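Worksheet for the structure shown next.
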Amino acid sequence: MKTKARNFSNPLEGAWYQYKLFVDRAITGMPVYQTKDISYWQERLFVNLIVFSLPLSLLAVVPSMIAAYLQGHLFIPLIDGLAVTSISFITLSNRFKLAFKKAFVAVVLYAVAICLTTILGSFGIGAIYFLALSVYITLQFSSRIAYRTIAVNACLYISFACIIYFKLFNSPLSVKYTLPFWIVYALNFMFLNVAVVVQISHIIRGVKKTFIQEARLMNELQTEMAEKIQRNEVLKESEAHYKSLFQQNPSPMWIFDTETLQLLQVNDAAIRRYGYSREEFLSMSIKELRPEEKLNDLTAFLDRSSKRKTISLVNTVHRHKNGDLFYAEVRCSNIPFKGKKARLVMARNITAQLEYTQAIEKQNAKLREISHMQSHVVRAPLARILGLTDLVLQSSQDHPDKQLFEYLDISVKELDDVIKTIIQNSEEVIPEKKDDEYLRLESK
Numbered sequence: 537m538k539t540k541a542r543n544f545s546n547p548l549e550g551a552w553y554q555y556k557l558f559v560d561r562a563i564t565g566m567p568v569y570q571t572k573d574i575s576y577w578q579e580r581l582f583v584n585l586i587v588f589s590l591p592l593s594l595l596a597v598v599p600s601m602i603a604a605y606l607q608g609h610l611f612i613p614l615i616d617g618l619a620v621t622s623i624s625f626i627t628l629s630n631r632f633k634l635a636f637k638k639a640f641v642a643v644v645l646y647a648v649a650i651c652l653t654t655i656l657g658s659f660g661i662g663a664i665y666f667l668a669l670s671v672y673i674t675l676q677f678s679s680r681i682a683y684r685t686i687a688v689n690a691c692l693y694i695s696f697a698c699i700i701y702f703k704l705f706n707s708p709l710s711v712k713y714t715l716p717f718w719i720v721y722a723l724n725f726m727f728l729n730v731a732v733v734v735q736i737s738h739i740i741r742g743v744k745k746t747f748i749q750e751a752r753l754m755n756e757l758q759t760e761m762a763e764k765i766q767r768n769e770v771l772k773e774s775e776a777h778y779k780s781l782f783q784q785n786p787s788p789m790w791i792f793d794t795e796t797l798q799l800l801q802v803n804d805a806a807i808r809r810y811g812y813s814r815e816e817f818l819s820m821s822i823k824e825l826r827p828e829e830k831l832n833d834l835t836a837f838l839d840r841s842s843k844r845k846t847i848s849l850v851n852t853v854h855r856h857k858n859g860d861l862f863y864a865e866v867r868c869s870n871i872p873f874k875g876k877k878a879r880l881v882m883a884r885n886i887t888a889q890l891e892y893t894q895a896i897e898k899q900n901a902k903l904r905e906i907s908h909m910q911s912h913v914v915r916a917p918l919a920r921i922l923g924l925t926d927l928v929l930q931s932s933q934d935h936p937d938k939q940l941f942e943y944l945d946i947s948v949k950e951l952d953d954v955i956k957t958i959i960q961n962s963e964e965v966i967p968e969k970k971d972d973e974y975l976r977l978e979s980k
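Sequential numbering of the sequence shown, starting at 537, is according to the numbering used here.
If you want it as structure tokens, here you go:
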């Protein structure tokens, strides 16, 4: 992990910064944290403890070592020196894990506290060490280990009481303290020990819960943000898709406000078909696309279609910009548009279709006229010929040309059957027009 270069106006400030950076790297190895949980802050607390303890221990230990040496206590300076040296070596070495470094500091300080209490008979300094160690262990380790330190301290106080009462060996404790006095002192420090451990453990549990809730909320927020980003991407893609369907649709389309009838959006096909520019379209009402005589039909259609949830269809007349009229099939449906109630319209020019239908109808009319002629004009003389052939056959039973008359009768009847078949087929293919307004535009 690279660190940014910093400029310091004071050389001491720069040296202190480099020292802290060295200790931090030696203890933690500069790990990368994804989240700053309770473990992170426990580690930072341990690093700061070592950062400040190493230089301060020199200021405290060196004078105490000199004083103890001058008083003839050679063992005490040795213990202090070994404690400072071993803690410095272990904590600043990269060969040991962080958990081992924390445990080693606790064990060494416990050893120093026990030696100070038994050899010097200094209950005050020893008890302060024990209390400080309880705080240190509570902050750095789990609550289960922290509560065990209370039992350890209680066992140590009981051991010291046995030394005082039974005089197990020559210790200053037996000279300075009596058993009742020691019990009072020990109970007071045990009370402080329990109170401090319980309160700190309670605070750490609360902080852990806070970190856990914060991490859970952060994960939920990240998940929600990821889903939101995904939804936005899908929405953008969908919006682009529908814009493409709207703008590039070959049929004229537009969107208008259902309350004001003002045009809100229009596609390129409508611009090409109706002759208006986009700006002109967006300044118009849909009424301007209809001739005046069709406005009442428009109002009636809007009233009917507003109550429907399905697509509404109407055949009507539209007007080009140059005034030309043409027939249009209009489909519309209700949609929301930019917070407004709007309607999407697709129009299709059906003028050519209607003209083709009219041409077919004219052709059918001619065919019906031909069929009428066949059924009335052609069959009338044929019917008379049939009657005459019947009379000739009845009056010429012995006539030498009777067979010729019979052939004539057969031929006339065959011709009559052919004409009947033609008339029947024409009536099936070309139905008679029953509604003079067959081509009339109707609203559905």
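Positions of the beta carbon are idealized from the N, C-alpha and C atoms, including for glycine.
A quick note: this is a predicted structure, and the numbers were derived from the prediction, not measured.
**Request:** Excluding the 5 residues preceding and the 5 following Asp860 in the sequence, name in chain order all residues of the same chain whose CB lies nearer than 6 Å to its CB.
**Result:** By 1-based counting over the sequence shown, the position of residue 860 is 324. No residues qualify anywhere along the chain.
**Prompt:** How far does the beta strand (DSSP E) with Ile847 in it reach, from first residue to last?
**Reply:** Indexing the sequence shown from 1 puts residue 847 at position 311. From DSSP, Ile847 is part of no beta strand (DSSP E); its letter is neither H nor E.
**Item:** Close-in-space but distant-in-sequence residues of the same chain around Met601 (CB under 7 Å, 5 per side omitted)
**Value:** Locating residue 601 in the sequence shown gives position 65, where the first residue counts as 1. Around Met601: Pro613, Asp616 and Gly617.
**Item:** Coarse secondary structure for Trp683, derived from DSSP in three states
**Value:** If you number the sequence shown from 1, residue 683 lands on position 147. Position check: residue 683 holds Tyr in this sequence, whereas Trp was assumed. In this structure, Tyr683 counts as helix in the three-state DSSP scheme.
**Prompt:** Around the Cβ of Glu978, are there at least 16 other Cβ atoms within 10 angstroms (buried) or fewer (exposed)?
**Reply:** Your numbering for residue 978 matches position 442 in the sequence shown. Because Glu978 sits at a pLDDT of 39, beneath the cut-off of 50, its placement in the model cannot be relied upon, and the following sentence gives the value as read from the coordinates. Exposed, by the Cβ-count rule.
**Item:** Inter-residue Cα distance where the pair is Lys703 and Val711
**Value:** Here residue 703 is taken as the residue at index 167 of the sequence shown, counted from 1. Here residue 711 is taken as the residue at index 175 of the sequence shown, counted from 1. For Lys703 and Val711, the distance between alpha carbons rounds to 10 Å.
**Prompt:** What three-state label does DSSP hand Phe544 in the structure shown?
**Reply:** Along the sequence shown, read from residue 1 onward, the residue named residue 544 stands at position 8. Reduced to three states, the DSSP call for Phe544 is coil.
**Asked** Quick one: any contact between the stretch 791-803 and the stretch 873-893, if contact means 3 or more CB pairs under 8 Å?
**Response** yes
**Request:** Starting from the C-beta of Ile673, find all residues in its chain whose C-beta is less than 8 Å away, skip the five residues before and the five after it, and write them out in chain order.
**Result:** Against the sequence shown, residue 673 aligns to sequence position 137. Cβ within range, chain order: Ala642, Ile681, Ala682 and Thr685.
**Message:** Quick check: what's the CA-CA separation for Lys970 versus Ala901?
**Reply:** Translated into positions along the sequence shown, residue 970 becomes position 434. Translated into positions along the sequence shown, residue 901 becomes position 365. With a pLDDT of 43 at Lys970, under the threshold of 50, the modelled position of this residue cannot be trusted; read the value that follows with caution. Approximately 12 Å, taken between the alpha carbons.
**Message:** At 3 residues or longer, what runs of the beta strand (DSSP E) sit wholly inside the stretch 630-686?
**Reply:** none
**Own chain, CB closer than 8 Å to Pro827, minus 5 neighbours either side, in chain order** = Counting from 1 along the sequence shown, the entry for residue 827 is found at position 291. Correct list, in chain order: Val853, Arg855 and Leu861.
**Request:** Kindly provide the ranges of any alpha helix (DSSP H) runs that are 4 or more residues long and lie completely inside the stretch 801-879, ordered along the chain.
**Result:** 804-810, 814-818 and 831-841
**Request:** Identify the continuous alpha helix (DSSP H) that holds Ile739 and give its terminal residues.
**Result:** The count along the sequence shown starts at 1 and reaches residue 739 at position 203. Note, Ile739: alpha helix (DSSP H), Leu715 to Gln783.
**Message:** Does the stretch 625-632 come into contact with the stretch 658-669, if we say contact requires no fewer than three beta-carbon pairs (one atom in each stretch) closer than 8 Å?
**Reply:** no
**Request:** May I have the straight-line CA-CA distance separating Ala895 from Gln783, to the nearest angstrom?
**Result:** For the purposes of this step, residue 895 is taken as the residue at position 359 of the sequence shown. For the purposes of this step, residue 783 is taken as the residue at position 247 of the sequence shown. Ala895 and Gln783: Cα-Cα distance of roughly 35 Å.
**Message:** Just to confirm before moving on: does the CB-CB distance between Val559 and Val587 stay below 8 Å?
**Reply:** Locating residue 559 in the sequence shown gives position 23, where the first residue counts as 1. Locating residue 587 in the sequence shown gives position 51, where the first residue counts as 1. Yes; because the gap between Cβ atoms is below 8 Å, this pair is in contact.
**Request:** Give the single residue among Asn543, Glu579, Asn858 and Thr957 whose Cα lies nearest to the Cα of Arg809.
**Result:** Counting from 1 along the sequence shown, the entry for residue 809 is found at position 273. Looking at the Cα atoms, Asn858 is the closest of the given residues.
**Request:** Could you tell me the distance, in whole angstroms, from the CA atom of Leu944 to the CA atom of Thr925?
**Result:** Locating residue 944 in the sequence shown gives position 408, where the first residue counts as 1. Locating residue 925 in the sequence shown gives position 389, where the first residue counts as 1. So the two alpha carbons sit approximately 7 Å from each other.
**Message:** For Thr887, tell me which candidate among Arg904, Ala603, Gln899 and Val866 has the shortest Cα-Cα distance.
**Reply:** As a working note, residue 887 is residue 351 in the sequence shown. Residue Val866 is the option with its Cα nearest to Thr887.
**Message:** Here's a check: name, in chain order, each residue in its chain whose Cβ is nearer than 6 Å to the Cβ of Ala604, leaving out the five neighbours to either side.
**Reply:** Within the sequence shown, residue 604 is the residue found at index 68, counting from 1. Counting only Cβ-Cβ distances below 6 Å, and skipping sequence neighbours, we find Ile612 and Pro613.
**Message:** So for Leu610, helix, strand or coil by DSSP?
**Reply:** For the purposes of this step, residue 610 is taken as the residue at position 74 of the sequence shown. Looking at Leu610 - three-state DSSP - the assignment turns out to be coil, as it is neither helix nor strand.
**Prompt:** Taking the alpha-carbon positions, what's the Tyr974 to Gln889 distance?
**Reply:** Indexing the sequence shown from 1 puts residue 974 at position 438. Indexing the sequence shown from 1 puts residue 889 at position 353. Any reading at Tyr974 needs caution, since the residue's pLDDT is 33, under 50, leaving its predicted position unreliable; the model's value is listed next. Distance between the alpha carbons of Tyr974 and Gln889 is about 14 Å.
**Message:** One question on the structure: do Phe666 and Leu692 come within less than 8 Å of each other, judged by their Cβ atoms?
**Reply:** Counted from its first residue, the sequence shown places residue 666 at position 130. Counted from its first residue, the sequence shown places residue 692 at position 156. In this structure, Leu692 lies closer than 8 Å to Phe666 by Cβ.
**Message:** Please return the same chain residues whose Cβ sits closer than 7 Å to the Cβ of Phe747, not counting the five positions on each side in sequence.
**Reply:** Taking the first residue of the sequence shown as position 1, residue 747 is located at position 211. These residues qualify, in order along the chain: Asp573 and Ile574.
**Asked** Quick one, are the C-beta atoms of Gln676 and Phe582 less than 8 Å apart?
**Response** Stepping through the sequence shown from its first residue, residue 676 is reached at position 140. Stepping through the sequence shown from its first residue, residue 582 is reached at position 46. Yes, the Cβ-Cβ distance between Gln676 and Phe582 is below 8 Å.
**Request:** Have a look at Tyr863, Ser670 and Lys823 and flag the residue whose alpha-carbon is nearest the alpha-carbon of Ser737.
**Result:** Taking the sequence shown and counting its residues from 1, one reaches residue 737 at position 201. Out of Tyr863, Ser670 and Lys823, Ser670 has the C-alpha closest to the C-alpha of Ser737.
**Message:** Cutting at 8 Å between CB atoms, please list the residues of its own chain near Ala805, excluding the five before and the five after it.
**Reply:** Taking the sequence shown and counting its residues from 1, one reaches residue 805 at position 269. Excluding positions up to five away in sequence, the list reads Asn785, Pro786, Ser787, Pro788 and Met789.
**Secondary structure of Asp793, DSSP reduced to three states** = Within the sequence shown, numbered from 1, the residue matching residue 793 stands at position 257. Correct three-state label for Asp793: strand.
**Item:** Beta-bridge partners of Leu799, as assigned by DSSP
**Value:** For the purposes of this step, residue 799 is taken as residue 263 along the sequence shown, with counting starting at 1. According to DSSP, Leu799 bridges with Phe792.
**Message:** Just list the residues that DSSP pairs Met882 with in beta bridges.
**Reply:** Here the question's residue 882 lines up with position 346 in the sequence shown. Met882 pairs with Met789 and Arg867.
**Prompt:** With Ala668 and Val644 assumed to form a contact (beta carbons below 8 Å), what rounded beta-carbon distance in angstroms separates them?
**Reply:** To locate residue 668, count along the sequence shown from 1; it is residue 132. To locate residue 644, count along the sequence shown from 1; it is residue 108. The Cβ separation is near 13 Å, so there is no contact.
**Item:** Beta-carbon gap between Ala953 and Leu922 smaller than 8 Å
**Value:** Counting from 1 along the sequence shown, the entry for residue 953 is found at position 417. Counting from 1 along the sequence shown, the entry for residue 922 is found at position 386. Strictly speaking, residue 953 in this sequence is Asp, with Ala absent from that position. Not a contact, by the Cβ cut-off of 8 Å.
**Prompt:** Hey, out of Asn851, Glu897 and Leu594, whose CA is closest to Met882's CA?
**Reply:** What you label residue 882 is simply residue 346 of the sequence shown in a count that begins at 1. Selected option, being the one with the closest Cα: Asn851.
**Asked** Among residues of its own chain, excluding the 5 on either side of Lys538, which ones have a beta-carbon nearer than 7 Å to its beta-carbon?
**Response** Within the sequence shown, numbered from 1, the residue matching residue 538 stands at position 2. Here the model assigns Lys538 a pLDDT of 48, short of 50, so the residue's position is not dependable and the matter cannot be decided.
**Prompt:** When DSSP labels each residue in this structure, what does Asp952 get in the three-state scheme?
**Reply:** As a first step, residue 952 is located in the sequence shown; it is residue number 416 there, counting from the start. In this structure, Asp952 counts as helix in the three-state DSSP scheme.
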